[in-house]
Structure formats: C-alpha cells, structure tokens
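Per this note's numbering, the very first residue in the sequence shown carries number 5; after that it's consecutive.
Comments concern the structure below.
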Amino acid sequence: MFRLSSGNTENVALYAPDAGCDLAAFRDVVFLDRPPACALQTDGANVVVCGEIDGGRALYKLSAARSDLLAVFAALCTEGDKVTGASYAEAAKNCGGLGFLPEQFIFAMTVFEELGLVSLADGRLRVFRGKKTELSRSQRYNAAVRFLEE
C-alpha cells in the first residue's frame with residue numbers, strides 16, 4: 005500500500021508489496037500473512053512469517069474519511085512544531101501522534117506528503133498551507149480506500 009522511502013523506513017506496515025520490493029533497509033521483516041510469491045530483496049534481515057493472523061486487521065483501524073484526514077491536517081497546522089523525527093514512525097512517537105492512532109497519523113502524513121502538503125525534512129515538519137488539492141490525487145489514499153472497501 006505504501007511505497008517505501010527514506011521517510012518511512014521504521015515500523016512500516018506494507019500491504020501487497022510490489023514485485024522486487026527492496027526491504028534491505030530493514031533489520032526485521034515480519035509477514036503477518038503468507039509471504040508474496042514474488043521475490044523480495046531482504047538482504048540480511050531477520051524474516052519471520054506469522055500466518056495465523058490476518059495481517060490486514062491492523063489496517064482496518066485506518067480511516068480514509070476526508071473529515072478524519074482533515075482533523076490530522078488541522079492538528080499538524082496548529083501543533084506542527086511538536087512533530088520531529090527522522091521518520092514518520094519516529095515523529096508519531098515523539099508527538100504522540102498528536103492524539104491520533106499512530107497508524108492513522110503515519111497514513112495521513114504519507115498521503116499529505118504525496119500531495120505536497122507536508123514535508124518531514126531534517127527532522128522537522130514543514131506544512132505548506134494554502135495549497136489546494138484533492139485526496140483522490142493520492143495513490144496511497146486511493147489504495148487505502150480500495151483496501152477498506154473490500
């Protein structure tokens with residue numbers, strides 16, 4: 005669901021990775037469902053497979069409702085100075101997700117970054133106010149909507 009980047013290489017929930025997805029930057033890779041049939045580059049990662057639980061269950065906690073994402077964005081606009089860290093996971097931990105579930109906070113941050121509304125560079129959050137865009141322009145948002153509708 006999420007394309008891996010330097011902004012989210014810690015505690016990542018990756019849904020349906022692309023063939024050839026590079027997971028080499030991770031120390032541990034845990035598959036909550038059967039691993040994909042495609043080859044994934046894991047290098048020296050500790051790979052654990054736990055096929056007894058539904059790995060998507062944690063993702064069902066996410067909300068793709070526009071109002072919920074706007075609530076996160078409003079919190080970022082008013083409390084953005086609290087959002088610090090080298091990754092979204094670290095930033096969520098440092099600011100307590102600004103009162104949102106960590107998964108929801110990280111999901112919103114990835115959508116907002118893709119839309120050019122925020123940036124987490126040099127450990128500090130930058131919010132680009134006044135930029136108009138539609139959530140439907142985000143591939144991550146659209147993937148989450150499709151996943152949650154299933």
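Don't be surprised by glycine CBs; every beta carbon is placed ideally from N, CA and C.
Discussion item. Distance check for R144 and F6, CA to CA, integer angstroms please.
Written reply: Interpretation of F6 is limited by its pLDDT of 45, a score under 50 that renders its predicted location unreliable; the figure taken from the coordinates is listed afterwards. The straight-line gap from Cα to Cα measures roughly 6 Å.
Worksheet entry | Same chain, Cβ closer than 6 Å to A112, five either side skipped, listed in chain order | L73, V76
Practice prompt. List the residues that DSSP assigns as beta-bridge partners of S123.
Written response: Among the bridge pairs identified by DSSP, S123 is matched with R130.
Discussion item. Less than 8 Å between CB atoms is the rule here; does L124 satisfy it with respect to chain D?
Written reply: Judged by its chain identifiers, the structure shown contains no chain D, having just a single protein chain.
Discussion item. Using a Cβ distance threshold of 8 Å, determine whether the region 120 to 130 contacts the region 86 to 103, with at least three qualifying pairs required.
Written reply: Touching, yes, given that three or more Cβ pairs across the two stretches are closer than 8 Å.
Worksheet item: In three-state terms, what does DSSP make of T82?
Response: Of the three classes helix, strand and coil, the one that applies to T82 here is helix, per DSSP.
Item to complete: Under the assumption that E83 contacts L102 (Cβ atoms under 8 Å), give the Cβ distance between them as a whole number of angstroms.
Response: 6 Å
Practice prompt. Hey, could you find the ends of the alpha helix (DSSP H) R141 is sitting in?
Written response: Counting along the chain, R141 falls outside any alpha helix (DSSP H), and DSSP gives it neither H nor E.
Worksheet entry | Simplified DSSP assignment, three categories, for M5 | Residue confidence for M5 is low, a pLDDT of 41 falling below 50, so the modelled location carries little weight and cannot support an answer.
Worksheet item: With E118 and S142 assumed to form a contact (beta carbons below 8 Å), what rounded beta-carbon distance in angstroms separates them?
Response: That belief holds up - the Cβ atoms of E118 and S142 are roughly 5 Å apart, short of 8 Å.
Practice prompt. Kindly list the residues whose CB is nearer than 7 Å to the CB of F109, restricted to its own chain and excluding five residues on each side of it in sequence; keep chain order.
Written response: V76, A96, G101, L102
Item to complete: Work out the CA separation of S140 and A148 for me, nearest whole Å.
Response: A148 and S140 have their C-alpha atoms roughly 11 Å apart.
Worksheet item: Do you know how far the Cα of S71 is from the Cα of F30?
Response: 33 Å
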